[in-house]
Amino acid sequence: MINRQTLTLFLAIFLLPALTWADAFSPMGTRWPAGVKKTLVGNSTTLFGANGDILAAYPKGAFQTTAPASIRLNAPEGIATLDYLEIGGDKYIIAACGTGGLQVVKFDGTSFTLHGDAVVTESTHPRKDNPSPAVLNIAGCVGFEARGAHLIATIDNNFGYRVFKFTTTPSLEEVARQELSRDLYTMLVDIDRWNKEPGHDCILTVAQNREMGLLDITKGIHDQWEIKGLGKLTFDIPNLPSTALLYMSTLTLRVADDTAHVVENSMGHFLSFGIQGTPPYLSQTYPIADSDGITLGYPLDLSMGGAYACITTLADNNDNPPGVQVMKLANKAVVGTLAQEGAGAVHQTDATTLFLMDIKSGLSKISLVPPGSPAQGPHVATPFAVDELLARENHLFFVDGLDSDKAGVRVMDILNATQPKCVFFGPTNGRACDLAVDKDFYRLFVADKSEGVYCYSMNSDFVSSPDDLDNPEPPSPIAPLPLATLGIEHFDGESPLSITVSSKNHGGVNTDYLHVLTEGGKLFSFPLPVPLGSPQIHTIDTDESVDFVDLPGTPKTVEPFASDYLLVACGPQGLQVVDLFSNPDTPGTLSHAIEASHTAGLSNTVNVSSDGTRHACVADDGAGIVTLDLFADQNTPALITLAKKSSYTIDSGHVIDLFLTDNNNLYAVTDQSSDNLLILDMSDPSTPGLLSRETSPGSPRAIVAATTGGLSSDSPSLRAAYIADGQGGLTVRQTTNDDNSQEQVWHDDSSSCFIQTLR
């Protein structure tokens, strides 16, 4: 029931004009993980792939039938690139992990091992103007041999070049470095090795200032390792002035024998260079002077296999759809195309077989026989995904929905939306499917279909016992403290499906309630009392829990409304409104009852989002997006009375997720192959209007919008959409026109092109 104060608030809101400003998808965005190329490596028998912060090994001979071995690495930005190193029969994977540093993982044929001495996260050789130890930010890495040692060259986004000596103990030791000016080190984009002679490799690099460099690693007179520049070349880009820089381009470099190949993505150019051990060391061989050469539709990654190169593209070009382009190197002509939206990293160990990572379905094995007709085999999902998400303040929480020993919940720092970072990982033993936080942002709840509901504290005032305060890190959003777990026995043995938290004031005291909707359609509510005292011991009052089994239809999702109600999408039974405190004689005691329902014009409701005051938007398989007025009866506005205000239909497919913002904009996800991301203007609920639409080539499952930033007094905050893109990870897209160029800079590494603007 609604009290008089609540009624007064509602009436005040009814009289206020709708305050709104329009959101729209902008061309700027990014992804997490940042690595979308060079994340597949391998040998003749095993493929190693990185997605998110998970490294996995797939047997090439039993690619579709054997579950991969996997390991999670500390990679706040996601694993950026991989390289493969084999020493005396031992197999090692070199991982560039951003601010997680450089990590070398051993694979014994069945499992991974990461030794602490094979991880480097900081250097005692900082920039000259900074006396403190330097935090590494490794964006690229390559293993090589020189002077009888196994070395790893890296691109450090905070410094320039760093070289590490690797031993099979295992251990990593920084032995050489070259500090570059900010104008140069921020432009380094890729690195590879060139075999000068047996046992002696050199390093090739490419940068956005259109420079290619050939480096040798030598030893000086005091037996100190040194980086020696051999040759440097400023390369030509057709139809581009020689002084123009490639600020918004990424460059991918691959070396085959004595030839280096580069794809430039923004204009789509393919370039080739000759390499030799004597001056001039480097020469551009394609395209020749005063010719245009071949262009491709936003190329991303490439692999070399004999007479052909395979290149992934994100856009169509010259009648070739996005996907994998098979190009004959002799004449630089595309001879075959495999259409695949969202194609990313590629790897091949011979000329007949290609492995592809795409953000829609994961990994696939492609036959290149014949090269003109590449054929795709079945897809294999990677042990990483983003399935459901939740944003609050400057943090984003997501679960992967996987039944895997590497599955879990992750917390992302999104204060700077352009550079999301993973700051916490909590394992889940089953299939995590939903998240909720309390009103004060103190507690986190994670629904797991096998285990029940995990509970975490995110504030030092909420702990399980006083001993919890002795932890090295007090509970916070970046260091959640595990509390009690509600096992499925508390839900009559049924798996949780959707969870939410509501709050109600009883006699001046706020009490939170955890609500759990199960796969069998039952609803369970638990008081979350906070005993007085310091610290406050978090408890879940299972003795006072209430179960409700009278929900009709096939309940899918649940969301709180005001302080007294739950909105439940009930499949064929439309929207059901549950009154949590239906007994007027005991207003502070849980007592569930159906308060109102709406089924007319609905066929199968799957999701609901409300403004918390009057209107609710329902995602329905048949009707699209239906807007309901929960207080349609103006004569008795304190009672829930549902009435349809409007509907917004889509051409085909189904709406699967909704998020209504504080500025009356509705973000929606559909399962269509195009136009699967929408923003609607809901300032007038009776006439929703389309503000913006986008296409993600992945498999978008959920969406939220958040405004973060304001990193300084003269820097505006930034609004962005965060999309759970399944195997494609987390996609971030700016949805306001605020200029944050000074402090929030989008680092375009083809990431934004994974969502294509449709006009």
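Be aware that the sequence shown starts at 670, since it is given in the working numbering, and climbs by one per residue. C-beta atoms are modelled at their ideal positions from N, C-alpha and C, and glycine is treated no differently. Predicted model only: the values in this text are computed from it and were never measured.
Candidates 925, 818, 935 and 932, of which the one nearest residue 1473 by Cα: Beyond the ends of the chain as shown, which are 670 and 1428, falls residue 1473; an answer cannot be given.
7 Å Cβ shell around residue 1137 - same chain, five flanking residues per side excluded: Cβ within range, chain order: 1150.
Reference residue 1106; option with closest CA among 713, 1260 and 1122: Put simply, of 713, 1260 and 1122 the residue whose alpha carbon is nearest the alpha carbon of residue 1106 is 1122.
CB-CB length for residue 812 against residue 823, believed under 8 Å: No, residue 812 and residue 823 are not in contact; Cβ-Cβ is about 10 Å, not under 8 Å.
Which listed residue (711, 1303 and 1088) has its alpha carbon closest to that of residue 744: Per the Cα distances, 1088.
Completely contained beta strand (DSSP E) runs for the region 808 to 852, where each covers 3 or more residues: Fully enclosed beta strand (DSSP E) runs of 3 or longer: 818 to 825, 829 to 836 and 840 to 848.
Length of the line joining the Cα atoms of residue 793 and residue 1276: So the two alpha carbons sit approximately 52 Å from each other.
Chain-order list of residues whose beta-carbon lies under 8 Å from that of residue 1147 (same chain, five-residue window excluded): If we look at residue 1147 and ignore the five residues flanking it on each side, its Cβ neighbours are 1064, 1080, 1082, 1092 and 1093.
Residue ranges of each beta strand (DSSP E) within the region 1189 to 1221, 3 or longer: Taking 3 residues as the shortest admissible run, the region 1189 to 1221 contains the following complete beta strand (DSSP E) segments, listed from N- to C-terminal end: 1192 to 1197 and 1215 to 1217.
For residue 1144, the residue or residues it bridges with in DSSP: Looking at the DSSP assignment, residue 1144 forms no beta bridge with any residue, so it has no partner.
As assigned by DSSP and simplified to three states, the class of residue 1313: The answer is strand: DSSP assigns residue 1313 an E or B state.
Burial state of residue 1303, where buried means 16 or more other Cβ atoms lie within 10 Å: Around the Cβ of residue 1303, a 10 Å sphere holds fewer than 16 other Cβ atoms; the residue is exposed.
C-alpha distance - residue 1169 paired with residue 933, whole-angstrom precision: Rounded to whole angstroms, residue 1169 to residue 933 spans 46 Å at the Cα level.
Residue 993 versus residue 784: straight-line alpha-carbon distance, rounded: Computed Cα separation, rounded: 37 Å.
Residue 1063 CB to nearest heavy atom of the ligand MG below 8 Å: Ligands displayed in this structure: none; no statement on the ligand MG is therefore possible.
Those runs of the beta strand (DSSP E) which lie wholly inside the region 937 to 990 and span at least 3 residues: Here the runs fully enclosed are 938 to 944, 951 to 955, 968 to 974 and 977 to 982.
Backbone CA spacing between residue 1410 and residue 705 [nearest angstrom]: Because residue 1410 carries a pLDDT of 42, less than 50, the predicted location of this residue cannot be relied on, and the following value inherits that uncertainty. Their Cα atoms are separated by approximately 24 Å.
Alpha-carbon to alpha-carbon, residue 929 and residue 707: Residue 707 and residue 929 have their C-alpha atoms roughly 15 Å apart.
Length at least 3, wholly inside the region 1261 to 1316: the beta strand (DSSP E) runs in chain order: The region 1261 to 1316 contains these whole beta strand (DSSP E) runs: 1262 to 1267, 1274 to 1279, 1284 to 1289 and 1293 to 1298.
Nearest-angstrom Cα separation, counted from residue 962 out to residue 1364: A direct Cα-Cα distance of roughly 30 Å separates residue 1364 from residue 962.
Reduced DSSP secondary structure (H/G/I, E/B, other) of residue 729: DSSP places residue 729 in helix when its eight states are reduced to three.
As assigned by DSSP and simplified to three states, the class of residue 1151: In the structure shown, residue 1151 sits in a strand (DSSP, three-state: E or B).
Residue 672, DSSP secondary structure in three states: With a pLDDT of only 40 at residue 672, under the threshold of 50, the placement of this residue in the model should not be trusted, and no figure is reported.
Proximal residues to residue 858 (C-beta, below 7 Å), its chain only, five neighbours per side dropped: Excluding positions up to five away in sequence, the list reads 875, 876, 877, 919 and 920.
Beta-bridge partners of residue 750, as assigned by DSSP: Residue 750 is bridged to 765.
Pairwise C-alpha distance: residue 747 and residue 828: Their Cα atoms are separated by approximately 20 Å.
Which listed residue (986, 737 and 911) has its alpha carbon closest to that of residue 1050: Selected option, being the one with the closest Cα: 737.
Inter-residue CB distance, residue 729 and residue 750 (contact presumed, cutoff 8 Å): Here residue 729 is actually not in contact with residue 750; their C-beta atoms are around 20 Å apart, not less than 8 Å.
Residue 1394 in three-state terms, based on DSSP: Here residue 1394 sits in coil by DSSP.
Where residue 785 sits in the DSSP three-state scheme: Shown here, residue 785 sits in a helix according to DSSP, grouped into three states.
Outcome for residue 733 when other beta-carbon atoms lying within 10 angstroms are tallied against a minimum of 16: So residue 733 ends up on the exposed side.
Rounded straight-line distance, which links the Cα of residue 1045 to that of residue 986: Approximately 21 Å between the Cα atoms of the pair.
Contact check, residue 610 vs residue 711, beta carbons under 9 Å: The requested residue 610 is not part of the displayed model; the chain covers only 670 to 1428.
Host beta strand (DSSP E) of residue 1336 (start-end): Element bounds for residue 1336: 1334 to 1339.
Supposed close pair residue 1358, residue 1026 - CB separation, criterion 8 Å: About 38 Å separates the two Cβ atoms, so there is no contact after all.
Close Cβ partners of residue 798 (< 7 Å) along its chain, the five nearest in sequence each way excluded: Around residue 798: no qualifying Cβ.
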